[in-house]
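J.: Below is the structure I would like to discuss, written out as structure tokens.
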Amino acid sequence: MPHQFDYLIIGSGIAGLSYATKLARHYDEKGQTIRIGVITKVQADETNTKYAQGGIAGVWSPDDTFEKHIDDTMVAGDFLSDRHIVEIVVREAPERIQELIDYGTRFDKEADGDYDLAKEGGHSDKRILHFKDVTGAEIERALLSEVARHKTIEIFTHYFAVDLITRHHLGETVHRYDANNECFGAYVLDTNTGKVDRFLARTTMVATGGIGQVYTNTTNPVIATGDGIAMTYRSKGICKDMEFIQFHPTALYEPGKKPNFLISEAVRGFGGILKNIKGETFMENYDPRLSLAPRDIVARAIDSEMKKSGSQHVYIDVTHLDYDKFIEHFPNITAYCKDKLGIDIRKDFIPVVPAQHYMCGGVRVDEFGRTNIHHLYAVGECACTGLHGANRLASNSLLEAIVFGHRAFEKSIESFDQTSLRDDIPAWDDSGTTHPEELVLVTEIKRELEAIMSNYVGIVRSNRRLKRAMDRLELLYIEHEELYRQSKVSVPITELRNMIEVAYLVIKAAMSRRDNRGLHFNIDNVK
Numbered sequence: 005m006p007h008q009f010d011y012l013i014i015g016s017g018i019a020g021l022s023y024a025t026k027l028a029r030h031y032d033e034k035g036q037t038i039r040i041g042v043i044t045k046v047q048a049d050e051t052n053t054k055y056a057q058g059g060i061a062g063v064w065s066p067d068d069t070f071e072k073h074i075d076d077t078m079v080a081g082d083f084l085s086d087r088h089i090v091e092i093v094v095r096e097a098p099e100r101i102q103e104l105i106d107y108g109t110r111f112d113k114e115a116d117g118d119y120d121l122a123k124e125g126g127h128s129d130k131r132i133l134h135f136k137d138v139t140g141a142e143i144e145r146a147l148l149s150e151v152a153r154h155k156t157i158e159i160f161t162h163y164f165a166v167d168l169i170t171r172h173h174l175g176e177t178v179h180r181y182d183a184n185n186e187c188f189g190a191y192v193l194d195t196n197t198g199k200v201d202r203f204l205a206r207t208t209m210v211a212t213g214g215i216g217q218v219y220t221n222t223t224n225p226v227i228a229t230g231d232g233i234a235m236t237y238r239s240k241g242i243c244k245d246m247e248f249i250q251f252h253p254t255a256l257y258e259p260g261k262k263p264n265f266l267i268s269e270a271v272r273g274f275g276g277i278l279k280n281i282k283g284e285t286f287m288e289n290y291d292p293r294l295s296l297a298p299r300d301i302v303a304r305a306i307d308s309e310m311k312k313s314g315s316q317h318v319y320i321d322v323t324h325l326d327y328d329k330f331i332e333h334f335p336n337i338t339a340y341c342k343d344k345l346g347i348d349i350r351k352d353f354i355p356v357v358p359a360q361h362y363m364c365g366g367v368r369v370d371e372f373g374r375t376n377i378h379h380l381y382a383v384g385e386c387a388c389t390g391l392h393g394a395n396r397l398a399s400n401s402l403l404e405a406i407v408f409g410h411r412a413f414e415k416s417i418e419s420f421d422q423t424s425l426r427d428d429i430p431a432w433d434d435s436g437t438t439h440p441e442e443l444v445l446v447t448e449i450k451r452e453l454e455a456i457m458s459n460y461v462g463i464v465r466s467n468r469r470l471k472r473a474m475d476r477l478e479l480l481y482i483e484h485e486e487l488y489r490q491s492k493v494s495v496p497i498t499e500l501r502n503m504i505e506v507a508y509l510v511i512k513a514a515m516s517r518r519d520n521r522g523l524h525f526n527i528d529n530v531k
């Protein structure tokens, strides 16, 4: 028998958990019994949210204004952001952040009890609420604690969504712009048993995070394989702005380690200074905002300095800063540098390198998180709301997730009585497939995919590089599809399928853009 839910949420980060919490609270107050299912492919707290260090942006100080936060977001997004969406997110921020505080999230405070607001690159004022340098983990902790209070929410750990269930599973032909397409839930793999079950739902939300594992260097956890974007695209969902890949300028340089440890942008906001391999400052040659310029500018500057010198990294210098205050704000970064690399930040520079950090595009949604597929929502990093445009402003991502989690909640409860569970969804059919004797081919294809994306579709691109990437990707796609058709479903094989499809969307979007905006820089577009 299939699992049946009123609401199915794929992903357990800030987007999915805030949505689930609001649903549970709403129906608890009404005295209505419903079922909310949350599936996550590892343990519940292993999400992109957990690894967010810097904080969450919001107008919190009387000296700050909504207009300044809106303008900063538009400038960072190279004016490709949807201003209507930007205004919604910025103006709703204080109320949504207060809800996190009410759930038990702790943000750092000054001695007088006021919140310790940080300033990061691209921001014109101090507006970043944070908890040490592990803000995302603290928010995740508070949300999971709140979720545990609600019996209507059931979390399925070590379950992996394979495909969304839509009309084409009923034998119907569905086109990408078909107004009649619907989502009825998902086919989900129990990774402990190897069995694929039907998880049926009135409403489904995709909240699966980013795509970082497509690249060699990334700050994203190993689960970030673009699953939600790929599943939605296969189901004829529309994706947007996939060319805009944000590379965090300052991941700790540790050859061979994945994911890369993040040296938060807040370190530069605190006073850290970028220096090249010779120990010289260089940002004055690229932007008047120096080390506090937006991430795309800083990442390209670092990339340029590395290519000029042939070095594998640059540095952040924090030796001039107050050590006690630094360790108070960044205990995790300080300890990691000392314990893993023997770096004493009082006298040593921190070696850093750009690493894939955030997907600004994703599944296209409206102002309530609705996709073009009925009863399917997408929220968080896997969604493209229009907030980020060509480049995400620092610490706007956690904010976007809670604002759209709330707006999706408001809209989905409105349509609750208009949807029903289907009883004619066919069971998963894997007849004729076998378990592959070895997965070495998956490992080889994955390694080649990472190299293609990192070498040809990274910080700086060209028409020739993009064409080479697409040509090589096509061969990988053909090779993998044959393996997928012959094999029983497994996480490695299906993750790789998703990564190849997401890579295709990124390359295709990059080839289509004829101007350089924000995070997309093609040397052949320079006039």
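For the sequence shown, our numbering begins at 5 and goes up steadily by one. Each residue gets a CB set at the ideal place from its N, CA and C atoms; glycine is no exception. Please read all numbers here as calculations on a predicted model, not as lab measurements.
Looking at the structure shown, is L391 part of a helix, part of a strand, or coil, going by DSSP?
T.: Against the sequence shown, residue 391 aligns to sequence position 387. Looking at L391 - three-state DSSP - the assignment turns out to be coil, as it is neither helix nor strand.
J.: List the DSSP bridge partners of Y163.
T.: Position 159 of the sequence shown holds residue 163. Y163 pairs with D194.
J.: Nearest by alpha-carbon distance to L523: which of V322, G15, N289 and R299 is it?
T.: Here the question's residue 523 lines up with position 519 in the sequence shown. For the residues V322, G15, N289 and R299, the minimum Cα distance to L523 belongs to R299.
J.: What is the DSSP secondary structure of K45, counted as helix, strand or coil?
T.: In the sequence shown, residue 45 corresponds to position 41, counting from 1. Coil at K45, not helix or strand.
J.: Identify whether F70 lies in helix, strand or coil by the three-state DSSP scheme.
T.: Walking along the sequence shown from the start, residue 70 turns up at place 66. In this structure, F70 counts as helix in the three-state DSSP scheme.
J.: Report, in whole angstroms, the separation of the C-beta atoms of V322 and I347, which I expect to be a contact under 8 Å.
T.: Taking the sequence shown and counting its residues from 1, the one referred to as residue 322 is at position 318. Taking the sequence shown and counting its residues from 1, the one referred to as residue 347 is at position 343. Incorrect: roughly 10 Å between the Cβ atoms, too far for contact.
J.: For G390, which residues in the same chain have their Cβ closer than 7 Å to its Cβ, ignoring the five residues on either side in sequence?
T.: Mapped onto the sequence shown, residue 390 falls at position 386. Once the five neighbours on either side are set aside, the close Cβ partners of G390 are S85, D86 and I89.
J.: Can we say the segment 410-418 touches the segment 238-245, given the rule of at least three CB pairs closer than 8 Å?
T.: Too few Cβ pairs lie closer than 8 Å, so no.
J.: Counting only the same chain and skipping the five closest in sequence on each side, list residues whose C-beta sits under 7 Å from that of D76.
T.: Numbered from its first residue, the sequence shown carries residue 76 at position 72. G126, H127, S128 and L397.
J.: Pick helix, strand or coil for H7, following the three-state DSSP scheme.
T.: Here residue 7 refers to the residue found at position 3 when the sequence shown is read from its first residue. Strand, per DSSP.
J.: Starting from the Cα of G536, find the closest Cα among G41, R29, K54 and A28 and give me that residue.
T.: A question about residue 536 goes unanswered here, because the residues of the chain that appear run from 5 up to 531.
J.: According to DSSP, what are the bridge partners of G189?
T.: Numbered from 1 along the sequence shown, position 185 holds the residue referred to as residue 189. G189 is bridged to I169 and L204.
J.: How is P259 classed by DSSP in three states: helix, strand or coil?
T.: By one-based count along the sequence shown, residue 259 stands at place 255. Coil at P259, not helix or strand.
J.: If we count the other Cβ atoms within 10 Å of its Cβ and call it buried at 16 or more, is Q217 buried or exposed?
T.: Taking the first residue of the sequence shown as position 1, residue 217 is located at position 213. When all chains shown are included, Q217 counts as buried.
J.: Enumerate in chain order the residues of its own chain whose CB-to-CB distance from E499 is below 6 Å, with the five nearest sequence positions on each side excluded.
T.: Your numbering for residue 499 matches position 495 in the sequence shown. Around E499: T229.
J.: Inspect the beta-carbon positions of G409 and S65 and report whether they are closer than 8 Å.
T.: One-based indexing of the sequence shown puts residue 409 at position 405. One-based indexing of the sequence shown puts residue 65 at position 61. No, the pair does not count as a contact, with Cβ atoms beyond the cut-off.
J.: Does the count of Cβ pairs from the segment 148-162 and the segment 170-183 closer than 8 Å reach three?
T.: The segment 148-162 is not in contact with the segment 170-183.
J.: Looking at the secondary structure, which residues open and close the beta strand (DSSP E) in which K279 lies?
T.: As a working note, residue 279 is residue 275 in the sequence shown. Per DSSP, K279 belongs to the beta strand (DSSP E) from I277 to K279.
J.: With a threshold of 6 Å on Cβ separation, who are the neighbours of A234 within its own chain once the five nearest residues in sequence on each side are excluded?
T.: The residue given as residue 234 occupies position 230 in the sequence shown. N502, E505 and V506, listed in sequence order.
J.: Are the Cβ atoms of S399 and G175 separated by less than 8 Å?
T.: Taking the first residue of the sequence shown as position 1, residue 399 is located at position 395. Taking the first residue of the sequence shown as position 1, residue 175 is located at position 171. Not a contact, by the Cβ cut-off of 8 Å.
J.: Smallest Cα separation from T177: which of L193, N520 and K240?
T.: Sequence index remark: in the sequence shown, residue 177 carries index 173 (1-based). Closest option to T177, Cα to Cα, is K240.
J.: For the beta strand (DSSP E) containing Q490, name the first residue and the last one.
T.: Stepping through the sequence shown from its first residue, residue 490 is reached at position 486. Not the beta strand (DSSP E): Q490 falls in the alpha helix (DSSP H), residues N467 to Q490.
J.: Going by the DSSP bridge assignment, what does F251 pair with across the sheet?
T.: In the sequence shown, the residue the question calls residue 251 occupies position 247. In the DSSP output, where bridge partners are listed per residue, F251 has Q360.
J.: Let me make sure I understand the geometry here. Which of I406, E454 and V356 has the alpha-carbon closest to that of E269?
T.: For the purposes of this step, residue 269 is taken as the residue at position 265 of the sequence shown. Comparing Cα-Cα distances from E269 to each of I406, E454 and V356, the minimum goes to V356.
J.: Excluding the five sequence neighbours on either side, which residues of its own chain have a C-beta within less than 8 Å of the C-beta of D428, listed in chain order?
T.: Indexing the sequence shown from 1 puts residue 428 at position 424. Around D428: L174.
J.: To which residues of the same chain is E309 closer than 8 Å at the C-beta, ignoring the five residues directly before and after it?
T.: Walking along the sequence shown from the start, residue 309 turns up at place 305. Once the five neighbours on either side are set aside, the close Cβ partners of E309 are N280, I281, F286, S315 and V318.
J.: Pick out whichever of F334, V464 and S313 has its Cα sitting closest to the Cα of Q360.
T.: Numbered from its first residue, the sequence shown carries residue 360 at position 356. Considering only alpha carbons, the answer is V464.
J.: Do T212 and I14 have their beta-carbon atoms positioned less than 8 Å apart in this structure?
T.: Residue numbering aside, residue 14 sits at position 10 when the sequence shown is read from its first letter. Residue numbering aside, residue 212 sits at position 208 when the sequence shown is read from its first letter. Result yes, Cβ atoms of I14 and T212 sit closer than 8 Å.
J.: When the Cα atoms are used, what is the spatial distance from D421 to Q8?
T.: Position 417 of the sequence shown, counting from 1, holds the residue named residue 421. Position 4 of the sequence shown, counting from 1, holds the residue named residue 8. Going by the C-alpha atoms only, they are around 16 Å apart.
J.: Give me the residue from A97, P98, H134 and S313 with the minimum Cα distance to K113.
T.: Taking the first residue of the sequence shown as 1, we reach residue 113 at position 109. For the residues A97, P98, H134 and S313, the minimum Cα distance to K113 belongs to H134.
J.: Any idea if H324 is buried or exposed, counting beta-carbon neighbours within 10 angstroms, 16 or more meaning buried?
T.: On the sequence shown, residue 324 is found 320 positions in, with the first residue counted as 1. By the 10 Å Cβ count, H324 comes out exposed.
J.: From what residue to what residue does the beta strand (DSSP E) around L380 run?
T.: For the purposes of this step, residue 380 is taken as residue 376 along the sequence shown, with counting starting at 1. L380 to A382 is the span of the beta strand (DSSP E), which, as asked, contains L380.
J.: In its own chain, which residues sit with a C-beta less than 8 Å from the C-beta of F330, not counting the 5 before and 5 after it?
T.: Looking up residue 330 in the sequence shown gives position 326. Result list for F330: F274, V322, T338 and I349, in chain order.
J.: Assign C386 to one of three DSSP states: helix, strand, or coil.
T.: If you number the sequence shown from 1, residue 386 lands on position 382. In the structure shown, C386 sits in coil (DSSP, three-state: anything other than H, G, I, E or B).
J.: Would you mind stating whether P225 and P263 have Cβ atoms separated by less than 8 Å?
T.: Residue mapping note: residue 225 aligns to position 221 of the sequence shown, counting from 1. Residue mapping note: residue 263 aligns to position 259 of the sequence shown, counting from 1. Yes, these two residues count as a Cβ contact at 8 Å.
J.: Please determine, among E483, R476 and H392, the residue with the shortest C-alpha to C-alpha distance to V94.
T.: Here residue 94 corresponds to residue number 90 of the sequence shown, with the count starting at 1. The residue with the shortest Cα to Cα distance from V94 is H392.
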